[in-house]
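Using my numbering, the first residue of the sequence shown is number 180, and each one after it goes up by one. For every residue, glycine included, the Cβ atom is placed at its ideal position computed from N, Cα and C. Quick caveat: nothing in here was measured; it's all calculated off a predicted structure. Okay, so here's the structure we're looking at.
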Amino acid sequence: MANNNDNSTFFLPLANCTDVTPRCPVEHSIYGYFPSIGANALFVALFAMCGALQLLCGIRYKTWTYLIAMLLACVDQALGYVGRVILHNNPFDRVGFQIQICCLILGPAFNSAAIYLVLKHITLAFGPQYSKIRPNWYTWIFITGDLISLIIQAIGGGMAATADDNQSQQDTGDNLMMAGIAFQVVTLIFFGSAASWYVFSRWRGRDEPLSREASGFLSDRKFRFFVYGFIVAYVAILIRCIYRIVEMAGGWANPVMQFEPAFIALDGCMVIIATLVQTILHPGFCFPRLSSAYVPPQSTSSVSAAPKEYNPSSMLSTPPGESVEIEREKQGAREEA
Numbered sequence: 180m181a182n183n184n185d186n187s188t189f190f191l192p193l194a195n196c197t198d199v200t201p202r203c204p205v206e207h208s209i210y211g212y213f214p215s216i217g218a219n220a221l222f223v224a225l226f227a228m229c230g231a232l233q234l235l236c237g238i239r240y241k242t243w244t245y246l247i248a249m250l251l252a253c254v255d256q257a258l259g260y261v262g263r264v265i266l267h268n269n270p271f272d273r274v275g276f277q278i279q280i281c282c283l284i285l286g287p288a289f290n291s292a293a294i295y296l297v298l299k300h301i302t303l304a305f306g307p308q309y310s311k312i313r314p315n316w317y318t319w320i321f322i323t324g325d326l327i328s329l330i331i332q333a334i335g336g337g338m339a340a341t342a343d344d345n346q347s348q349q350d351t352g353d354n355l356m357m358a359g360i361a362f363q364v365v366t367l368i369f370f371g372s373a374a375s376w377y378v379f380s381r382w383r384g385r386d387e388p389l390s391r392e393a394s395g396f397l398s399d400r401k402f403r404f405f406v407y408g409f410i411v412a413y414v415a416i417l418i419r420c421i422y423r424i425v426e427m428a429g430g431w432a433n434p435v436m437q438f439e440p441a442f443i444a445l446d447g448c449m450v451i452i453a454t455l456v457q458t459i460l461h462p463g464f465c466f467p468r469l470s471s472a473y474v475p476p477q478s479t480s481s482v483s484a485a486p487k488e489y490n491p492s493s494m495l496s497t498p499p500g501e502s503v504e505i506e507r508e509k510q511g512a513r514e515e516a
């Protein structure tokens, strides 16, 4: 084995150590500790439960795109924490390390994708004219940004997980993962700015009447909770991404990376909070506009909205409440007279 003071042993112990021994202490592993079995097993169970609920709700309410994003998020995170459970038994286990580094890095990008889907439908319901961006473009812009960050992180995670004793490849993978997460943060901030601007623009136009659809959503307590949950999920994912950048900035096996309580609080807890909110406040019953089976209510016309003000002489159609047959009888009576 290499000398304990050698940087290659410190940064990449997997090259020489296969288990914890007197010559390969846990402190020389990348994380420097035995991952908590309790916390990581709990995360596995919670993400698996959320994945099952997402599958049931997605099929029940036909929210297919949302289902794909959230199911991938839940499966990815559950697998990642399985990797950390493996590392609890052996912090030098290569398979456990590769599973957790790839899955836990990528998973929250799918949570972000589910968040991005919501804004398009909110603008369509509450007035696309108040948005600086065409509603359909929200999905394309932010999902594309999410995919770019996902690809960069995937390449970086793959390089880091397979680097073995290649320090240059390890550092390149680390830098790519940081770049991918930084790109995700930029996308999240841009999204938050666009959403805030829309809310502000709609508030300025608050004197304009709401559509029947918007009024229905606004008066629904479930929708209001959905919006609050949407904000909580957004903030939680943003906090997690910022933490990950700080964690990786110091290189592998740095003090931040080797402090598990920070990881549990700022990564695990943030992502599970977002996932629980996105599951409990599912759009299927809180904001059904995301369902492929959703049909927006028809706007009330001026005639049906104010029947008492109807003036027969102003329109050629049959007055409200009278059938075509009655109108014909009245016309025949006038001709006989």
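So, H267 versus I330, is the Cβ gap smaller than 8 Å? For this step, residue 267 is matched to residue 88 along the sequence shown. For this step, residue 330 is matched to residue 151 along the sequence shown. No, the pair does not count as a contact, with Cβ atoms beyond the cut-off.
Identity of the residues DSSP links to C203 by a beta bridge: Translated into positions along the sequence shown, residue 203 becomes position 24. Paired residue(s): T200.
Counting Cβ pairs, one atom from each stretch, are 3 or more of them under 8 Å apart for the stretch 424 to 437 and the stretch 309 to 317? no
If you run the structure through DSSP and keep just helix, strand and coil, what is M436? Your numbering for residue 436 matches position 257 in the sequence shown. Here M436 sits in coil by DSSP.
Excluding the 5 residues preceding and the 5 following I280 in the sequence, name in chain order all residues of the same chain whose CB lies nearer than 7 Å to its CB. Reading the sequence shown from its first residue, position 101 is the one you call residue 280. Result list for I280: G336, A339, A340, in chain order.
Just confirm the distance between the C-beta atoms of A248 and G230, as a whole number of angstroms; I'd bet it's less than 8 Å. Your numbering for residue 248 matches position 69 in the sequence shown. Your numbering for residue 230 matches position 51 in the sequence shown. Wrong, their Cβ atoms sit about 12 Å apart, outside the cutoff.
From what residue to what residue does the alpha helix (DSSP H) around R276 run? Within the sequence shown, residue 276 is the residue found at index 97, counting from 1. It is Phe, not Arg, that sits at residue 276 in the sequence shown. Where F276 is concerned, the enclosing alpha helix (DSSP H) stretches over 273 to 305.
Does the Cβ-Cβ distance between V456 and L417 come in under 8 Å? Numbered from 1 along the sequence shown, position 277 holds the residue referred to as residue 456. Numbered from 1 along the sequence shown, position 238 holds the residue referred to as residue 417. Contact flag unset, no.
As assigned by DSSP and simplified to three states, the class of E426: Residue 426 sits at position 247 when you count from the first residue of the sequence shown. Correct three-state label for E426: helix.
Just how far apart, CA to CA, sit C420 and P388? If you number the sequence shown from 1, residue 420 lands on position 241. If you number the sequence shown from 1, residue 388 lands on position 209. Roughly 39 Å between the two C-alpha positions.
Please report the distance separating the alpha-carbon of I320 from that of D198. Against the sequence shown, residue 320 aligns to sequence position 141. Against the sequence shown, residue 198 aligns to sequence position 19. Approximately 46 Å, taken between the alpha carbons.
Cutoff 8 Å: C203 Cβ touching any chain D Cβ: Structure shown: chain D not included; a single protein chain is present.
Using 8 Å as the threshold, is the C-beta distance between L469 and T242 below it? On the sequence shown, position 290 is the one that residue 469 refers to. On the sequence shown, position 63 is the one that residue 242 refers to. Yes, they are a contact pair.
Express the C-alpha separation of A218 and L225 in angstroms, rounding to a whole number. On the sequence shown, position 46 is the one that residue 225 refers to. On the sequence shown, position 39 is the one that residue 218 refers to. Using only the alpha carbons, I get a separation of about 11 Å.
Taking its Cβ as the centre, do 16 or more other Cβ atoms sit within 10 Å of L326, making it buried, or is it exposed? Within the sequence shown, the letter at position 147 stands for residue 326. Exposed: under 16 other Cβ atoms inside 10 Å.
Inspect the beta-carbon positions of E426 and V435 and report whether they are closer than 8 Å. Within the sequence shown, the letter at position 247 stands for residue 426. Within the sequence shown, the letter at position 256 stands for residue 435. Going by C-beta atoms, E426 is nearer than 8 Å to V435.
From the DSSP output, in three-state form, read off N195 for me. Looking up residue 195 in the sequence shown gives position 16. If DSSP states are grouped into helix, strand and coil, N195 belongs with coil.
Tell me which same chain residues have a C-beta within less than 8 Å of the C-beta of F362, skipping the five on either side of it? Start at 1 with the first residue of the sequence shown, and residue 362 comes out as number 183. Answer for F362: G324, I327, S328, I331, listed in chain order.
Alpha helix (DSSP H) segment containing P314, residue limits: What you label residue 314 is simply residue 135 of the sequence shown in a count that begins at 1. From DSSP, the alpha helix (DSSP H) with P314 extends over 314 to 340.
Other residues of its chain near L232: CB distance less than 6 Å, five sequence neighbours each side excluded: Translated into positions along the sequence shown, residue 232 becomes position 53. Closer than 6 Å at Cβ, skipping near neighbours: T458.
Closest to G408 by CA distance: which of R383, G359, C282, I451 is it? Walking along the sequence shown from the start, residue 408 turns up at place 229. That would be I451, whose Cα lies nearest to the Cα of G408.
Tell me the DSSP secondary structure of T242 in three-state form. Sequence index remark: in the sequence shown, residue 242 carries index 63 (1-based). It is coil, neither helix nor strand.
H461 in three-state terms, based on DSSP: For this step, residue 461 is matched to residue 282 along the sequence shown. If DSSP states are grouped into helix, strand and coil, H461 belongs with coil.
Below 7 Å, is the gap between the Cβ of A342 and the nearest heavy atom of the ligand COA? Inclusion of the ligand COA in the displayed structure is not the case, the ligand content being empty and no account of it being possible.
For the candidate residues T302, S208, C465, N290, whose alpha-carbon lies nearest to that of F140? Residue numbering for the chain in the displayed model covers 180 to 516; residue 140 lies beyond these limits and cannot be assessed.
Alpha-carbon to alpha-carbon, H300 and Y473: Here residue 473 is taken as the residue at index 294 of the sequence shown, counted from 1. Here residue 300 is taken as the residue at index 121 of the sequence shown, counted from 1. If I take the Cα positions, the gap works out to 11 Å.
Applying the criterion that 16 or more other CB atoms from any shown protein chain within 10 Å of the CB defines a buried residue, is I284 buried or exposed? By 1-based counting over the sequence shown, the position of residue 284 is 105. Classification for I284: buried.
Count the other CB atoms within 10 Å of the CB of V123; is the residue buried (16 or more) or exposed (fewer)? The question about residue 123 has no answer, for the chain in this structure spans 180 to 516.
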